[in-house]
Each structure stands twice: as structure tokens, then as C-alpha cells.
Amino acid sequence: MFTLNAEVRKEHGKGASRRLRHAGQFPAIIYGGTEPAVAVVLDHNQVFNMQEKPEFYSDVLTIKVDGKAVKVKVQAVQRHPFKPKLVHMDFVRV
């Protein structure tokens, strides 16, 4: 089972997202279920190494958002067109 650590995003928008990516992080969103959607920040290297395994996309993942564990599945992934970088991810609650 995969476990990711995340923080709730404090800033939103294009400039804030670019600053995150420059700092080795990237934005993501967790939605679904009865709770409202939560914008989070993930560590790029941690997720990039995990996503190379095929089961990352089919298994239920655990994301710890500020200490609270959330069970999710990967819904969508946006990658950079030619660099080996993740740009954004969508997760749906299970």
C-alpha cells in the first residue's frame, strides 16, 4: 500500500502553482464522497518514484493530509509535455 504525505494549499493560482513546482512540489486535489474538495501540495520526488510502479494507479492509496488519513484512488494525472515531471494530480475518495 502506498502512503503519501500532503499539506493543504494556502495559496492558489498560476503563480502559486509555479512557485510550488520550482520548490520540488506540485498541486493536487482530493474530491468525492460527502466532504468538500481539498486542494493539497505533494512532494514531487516521492510521488514520481511511486508512480513508476503500475499498481500505483490501481490500488487504494492513503494520503495523510495534516495528520488525517484519507483513502483515495488516482483519477487523473497531468504530466509535463517533454520533461519527466508531474504537473497536477486528481484523487477521488474511496
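Reading the sequence shown from the start, the letters are residues 329 to 422 in this note's numbering. Every residue, glycine too, gets a C-beta built ideally from N, C-alpha and C.
With respect to the alpha helix (DSSP H) encompassing residue i, which residues constitute its N-terminal and C-terminal limits?
i, result
"Phe410", "Looking at the DSSP string, Phe410 is not in any alpha helix (DSSP H), and its letter there is neither H nor E."
"Lys342", "342-350"
"Val393", "First-last for Val393: 389-393, but that is the beta strand (DSSP E), not the alpha helix (DSSP H)."
"Val422", "Element bounds for Val422: n/a, residue is neither H nor E."
"Phe376", "372-379"
Report yes if the CB atom of residue i is closer than 8 Å to the CB atom of residue j, and no otherwise.
i, j, result
"Asp336", "Gln353", "With the sequence shown as reference, residue 336 is identified as Val, and Asp is not the correct amino acid for it. No; because the gap between Cβ atoms is not below 8 Å, this pair is not in contact."
"Lys413", "His372", "yes"
"Ala334", "Lys392", "yes"
"Lys401", "Val420", "yes"
"Met329", "Asp394", "no"
For residue i, which of the options has the nearest alpha-carbon?
i, options, result
"Val405", "Ile358, Ala365, Gly341", "Ile358"
"Val375", "Ala344, Arg407, Gly360", "Arg407"
"Lys411", "Arg421, Arg349, Lys381", "Arg349"
"Tyr385", "Ala351, Asp394, Gln403", "Gln403"
"Val422", "Gly360, Lys381, Thr331", "Gly360"
"Ala367", "Leu332, Pro382, Lys338", "Lys338"
Can you pull the DSSP bridge partners for residue i?
i, result
"Pro364", "Pro364 is not bridged to any residue."
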